[in-house]
Amino acid sequence: MKNVIEVKELTKHYNGLTAVDHINFEVEEGEVFGFLGPNGAGKTTTVRMLTGVIKPSSGSVSVMGFDLGRDPIRAKETMGVVPELSNAYTELSAWNNLQFMAELYGVPKRVAVSRAEELLTKFDLYDRKDHAVKTFSKGMKQKLITAMSLMNDPEILFLDEPTSGLDVRSARLIKEMVRELRDTGKTIFLTTHYMDEASQLCNRIAIINHGRIAAIDAPEKLKMRIGGLQYVEVSFTAPVDVSDLSAMSGITRVRTSGDKIQLYTEEPDRAIRGLVDYSRSNDREIVTLNTLTPTLEDVFVKLTEEE
Amino acid sequence: MIDQIRRAYAIAKKDVRIYYLKGPVIIFGILSPAFLFLAFMIGRDLPVDFLIAGLLGMTIFFTSTSVTPVIAPTETQTRNLERLAAAPISVTTILFGDMLASVLFGIVISLVPILLGMALGVTIVHPFILALGIVLAAFCFSAMGLIFSSTPTSMTSTVMMLSTMVKFPLVFISGIFIPVQELPSWGQALASLSPLTYITELCRYSFQGACHYPVMVDIGALLVFLIVFMVIAIKLHERSLPKRL
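Chains W and A, in that order, give the protein sequences. If you read the first sequence in this note's numbering, its first letter stands for residue -17, the second for the next number, and so on. If you read the second sequence in this note's numbering, its first letter stands for residue 380, the second for the next number, and so on.
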């Protein structure tokens, strides 16, 4: 697989602060590359540099073989972008927004018409194509913005928080679209706060923290990296004192999640025996009991805490 | 190059659809010069061709500087700017597109005083010079508007306040109300620094057949102002764009 994005020593300073600090990574053709990080870690700054919206202080970005510093127009023509905070032109119709994007990317008129019809149909917006975007719901706007990013049939799609704030159905539609695009060989650079989404969709994930790359790997390999973090999840019929559970032997950390209690341990068997004993001696019936491996969220929290 | 011009044209079409009917454009582009002109004209016994030439110069000035300052702050506020910045177009292309929309607005609205003058019996002695002057001035003033809009703000009112602070004094030193040749020497020196002086001169020449400076000086001055304004606008916008995202 060839690299379609190559980032070398990319750095951005703002008013004496280093937002992105000499990061390096490559994205391979056809992969869904997740880019995660806590707020203020440098995600949006990195995406803006990769999409040519802002210039780096130093370092280089190459997209589809075009150096973004030297040949920004050619590089940008290969991309579709859904910026995190962007909007469609709300006073124009959905149709005019799509045609405007086609014109900006130099898509021939005839192709633009058929592609706009196809995308509006796919995103269930065709009946509203002549309506001003200001009459659209948030979900409809996000679908339109995604459609706008596909008008030039890009080789690489940058999606910055594409499902943020969407209802379940619209979010599912966007995720389904990501899978379809991946299946057709497109490369997708996905920034998201939803760990489940990243885990389901991404071939590889980079975690950025304090402007530096904390880890890059496949989701499952990332989970294996923090191997000692298995946990037992339990819920009881009645509330229990969590401090009793954290005092049990072999338990390294206790976390509550709703009515469930997560006991982190390197010895799940010993923890389960301890829980059964606790249940008997305190007359608390166990409702659910599961042994779980770390989630991507655990990896994220651990890596970003370490930094 | 041709691709970038086509894309600038797409931006101009978008601007025409969205911004022509915005409140600040109507107020500062049409109503302001109309009321200013009425305030100047009422109670004074002046020849119609002198008045129409002044009105025309002022109309082109106000209309052409009213569209471009609205676009950048509005698109900063509505968050459309990042999408444009990510598109395969340069800052110059964006500005050229905005300028085209503004030029068209200036030219179309400038037909109103011309038609009004013709209805009042004014004849156009040099129509070609008038047309050239209007087009050049519309480009020049649109580029001037782009300088105002480079302020890194999402508040249209801030940009409009700034532009009004510059525009109104220019009206008074540019020979609209008093011909340049009747100004004192310091007044003439001040007038030579204003681009509005040169389009007013060209309007007077087109309607009355005579003006203070040679016509080629007026045309050359407008061209120089256009180039200077455009270069400054591009530099300022390149610097301010990241701050507006």
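Ideal Cβ positions, reconstructed from N, Cα and C, are used throughout, including at glycine. Keep in mind the model is a prediction, meaning the values are calculated, not measured.
Cβ-Cβ separation, T286 (chain W) to N191 (chain W) (assumed contact under 8 Å), whole Å:
Locating residue 191 (chain W) in the first sequence gives position 209, where the first residue counts as 1. Locating residue 286 (chain W) in the first sequence gives position 304, where the first residue counts as 1. Indeed, because the Cβ distance is near 5 Å, the residues count as touching under 8 Å.
Would S231 (chain W) be called buried (16 or more neighbouring beta carbons within 10 Å of its own) or exposed?
Within the first sequence, residue 231 (chain W) is the residue found at index 249, counting from 1. Burial call: exposed.
Under 7 Å from the C-beta of I450 (chain A): neighbouring residues of chain W
Position 71 of the second sequence, counting from 1, holds the residue named residue 450 (chain A). The premise fails here: I450 (chain A) is roughly 12 Å from chain W at the closest Cβ pair, so nothing lies under 7 Å.
Sorted by chain position, which residues of the same chain lie with C-beta nearer than 7 Å to D149 (chain W)'s C-beta, five sequence neighbours on each side aside?
By one-based count along the first sequence, residue 149 (chain W) stands at place 167. Excluding residues within five positions, the ones whose Cβ falls inside 7 Å are G121.
Going by DSSP in three states, A466 (chain A) sits in which element: helix, strand or coil?
Mapped onto the second sequence, residue 466 (chain A) falls at position 87. Coil at A466 (chain A), not helix or strand.
7 Å Cβ cutoff, Y(-4) (chain W) in contact with chain A
If you number the first sequence from 1, residue -4 (chain W) lands on position 14. Interface criterion not met: the Cβ of Y(-4) (chain W) is under 7 Å from no Cβ in chain A.
Going by the CB atoms, is the gap between G485 (chain A) and P578 (chain A) shorter than 7 Å?
For this step, residue 578 (chain A) is matched to residue 199 along the second sequence. For this step, residue 485 (chain A) is matched to residue 106 along the second sequence. The sequence shown places Ile at residue 578 (chain A), rather than the Pro named in the question. The Cβ atoms of I578 (chain A) and G485 (chain A) do not sit closer than 7 Å to each other.
Report yes or no: is there a C-beta of chain A within less than 7 Å of the C-beta of E248 (chain W)?
For the purposes of this step, residue 248 (chain W) is identified with residue 266 of the first sequence, where counting begins at 1. At a cut-off of 7 Å between C-beta atoms, E248 (chain W) does not count as an interface residue with respect to chain A.
Where M595 (chain A) sits in the DSSP three-state scheme
Along the second sequence, read from residue 1 onward, the residue named residue 595 (chain A) stands at position 216. M595 (chain A) carries a helical assignment under DSSP once its states are collapsed to helix, strand and coil.
Provide the residue span of the beta strand (DSSP E) that contains E194 (chain W), from first to last.
Start at 1 with the first residue of the first sequence, and residue 194 (chain W) comes out as number 212. Per the sequence shown, residue 194 (chain W) should be read as Arg rather than Glu. Secondary structure note for R194 (chain W): its beta strand (DSSP E) is the uninterrupted segment R194 to D199.
Per-residue burial, A220 (chain W) [other beta carbons within 10 Å of its own, 16 or more giving buried]
Sequence index remark: in the first sequence, residue 220 (chain W) carries index 238 (1-based). Exposed: under 16 other Cβ atoms inside 10 Å.
Buried or exposed: which applies to A200 (chain W), given that a residue is buried once 16 or more other Cβ atoms fall within 10 Å of its Cβ?
The sequence position of residue 200 (chain W) within the first sequence is 218, counting from 1. That one is exposed.
Expressed to the nearest angstrom, what Euclidean distance is found between the alpha-carbon atoms of S589 (chain A) and E73 (chain W)?
The residue given as residue 589 (chain A) occupies position 210 in the second sequence. The residue given as residue 73 (chain W) occupies position 91 in the first sequence. The amino acid occupying residue 589 (chain A) in the given sequence is Ala; Ser does not appear at that position. The alpha-carbon atoms of A589 (chain A) and E73 (chain W) are separated by roughly 47 Å.
Stretch-stretch touch, CB-based, cutoff 8 Å, three pairs: the segment 20 to 35 of chain W with the segment 462 to 472 of chain A
yes
Cross-strand partners of T169 (chain W) (DSSP beta bridge)
Locating residue 169 (chain W) in the first sequence gives position 187, where the first residue counts as 1. T169 (chain W) pairs with W:I138.
Can you tell me whether F218 (chain W) is helix, strand or coil according to DSSP?
Residue 218 (chain W) sits at position 236 when you count from the first residue of the first sequence. In this structure, F218 (chain W) counts as strand in the three-state DSSP scheme.
Give the DSSP-derived three-state secondary structure of V446 (chain A) in the structure shown.
Position 67 of the second sequence, counted from the first residue, corresponds to residue 446 (chain A). DSSP places V446 (chain A) in coil when its eight states are reduced to three.
First and last residue of the alpha helix (DSSP H) that includes T537 (chain A)?
Walking along the second sequence from the start, residue 537 (chain A) turns up at place 158. Here the alpha helix (DSSP H) through T537 (chain A) covers T535 to I552.
Measuring only between beta-carbons, confirm whether V35 (chain W) sits less than 7 Å from chain A.
Here residue 35 (chain W) corresponds to residue number 53 of the first sequence, with the count starting at 1. For V35 (chain W), the answer is yes, since a Cβ of chain A falls inside 7 Å of its Cβ.
Against chain A, does P65 (chain W) count as a neighbour if the rule is that its beta carbon must be under 7 Å from one of theirs?
Position 83 of the first sequence, counted from the start, is the residue given in the question as residue 65 (chain W). Put simply, the CB of P65 (chain W) is near chain A, with a gap under 7 Å to one of its CB atoms.
Inspect the beta-carbon positions of T472 (chain A) and R386 (chain A) and report whether they are closer than 7 Å.
Start at 1 with the first residue of the second sequence, and residue 472 (chain A) comes out as number 93. Start at 1 with the first residue of the second sequence, and residue 386 (chain A) comes out as number 7. Result yes, Cβ atoms of T472 (chain A) and R386 (chain A) sit closer than 7 Å.
Delimiting residues of the beta strand (DSSP E) encompassing D298 (chain W)
Outside the shown range of chain W, which is -17 to 289, sits residue 298 (chain W), and nothing can be said about it.
Roughly how many whole angstroms lie between the Cα atoms of H591 (chain A) and A498 (chain A)?
For the purposes of this step, residue 591 (chain A) is taken as the residue at position 212 of the second sequence. For the purposes of this step, residue 498 (chain A) is taken as the residue at position 119 of the second sequence. Each residue's alpha carbon lies about 26 Å from the other.
Stretch-stretch touch, CB-based, cutoff 8 Å, three pairs: the segment 180 to 197 of chain W with the segment 11 to 26 of chain W
yes
Under 7 Å, CB to CB, which of the residues in the segment 434 to 458 of chain A have a partner in chain W?
Going along the segment 434 to 458 of chain A in chain order, one finds T457 and R458 with a Cβ nearer than 7 Å to chain W.
Inside the segment 90 to 164 of chain W only - alpha helix (DSSP H) runs reaching at least 4 residues
91 to 104 and 120 to 131
On the DSSP letters alone, give me the boundaries of the beta strand (DSSP E) that N191 (chain W) sits inside.
Taking the first residue of the first sequence as 1, we reach residue 191 (chain W) at position 209. Taken as a continuous stretch (DSSP letters only), the beta strand (DSSP E) holding N191 (chain W) covers R186 to N191.
Would you mind giving the Cβ-Cβ distance between V214 (chain W) and A253 (chain W), rounded to the nearest angstrom? I have them listed as a contact below 8 Å.
In the first sequence, counting from the first residue as 1, residue 214 (chain W) sits at position 232. In the first sequence, counting from the first residue as 1, residue 253 (chain W) sits at position 271. Confirmed, about 5 Å.
F429 (chain A) and I503 (chain A) look like a contact to me (Cβ under 8 Å); what is the Cβ gap, rounded to whole Å?
The residue given as residue 429 (chain A) occupies position 50 in the second sequence. The residue given as residue 503 (chain A) occupies position 124 in the second sequence. In this structure, F429 (chain A) and I503 (chain A) do not form a Cβ contact; the two beta carbons are roughly 14 Å apart against a cut-off of 8 Å.
Examine chain A for any beta-carbon lying closer than 7 Å to the beta-carbon of L86 (chain W), and answer yes or no.
The count along the first sequence starts at 1 and reaches residue 86 (chain W) at position 104. By this cut-off, L86 (chain W) is an interface position.
For I189 (chain W) and F282 (chain W), which I take to be in contact (beta-carbon distance under 8 Å), what is that distance rounded to the nearest angstrom?
The residue you call residue 189 (chain W) lines up with position 207 of the first sequence. The residue you call residue 282 (chain W) lines up with position 300 of the first sequence. Between F282 (chain W) and I189 (chain W) the Cβ distance is about 6 Å, and since that is below 8 Å, they are a contact.
I'd like the list of long-range same chain contacts for G600 (chain A), defined as Cβ closer than 6 Å, with 5 residues on each side in sequence excluded.
Translated into positions along the second sequence, residue 600 (chain A) becomes position 221. A small fix is needed here, since residue 600 (chain A) is Ala in this sequence, not Gly. For A600 (chain A), where only same-chain residues beyond five positions count, the Cβ hits under 6 Å are Y577.
With a threshold of 7 Å between beta carbons, is D382 (chain A) in contact with chain W?
Sequence index remark: in the second sequence, residue 382 (chain A) carries index 3 (1-based). Yes, contact with chain W.
Quick check: is the beta carbon of E59 (chain W) nearer than 7 Å to any beta carbon in chain A?
Reading the first sequence from its first residue, position 77 is the one you call residue 59 (chain W). Output row for E59 (chain W): interface = yes.
Alpha carbon to alpha carbon, what distance is there between P574 (chain A) and I552 (chain A)?
Within the second sequence, the letter at position 173 stands for residue 552 (chain A). Within the second sequence, the letter at position 195 stands for residue 574 (chain A). Roughly 10 Å separates the two Cα atoms.
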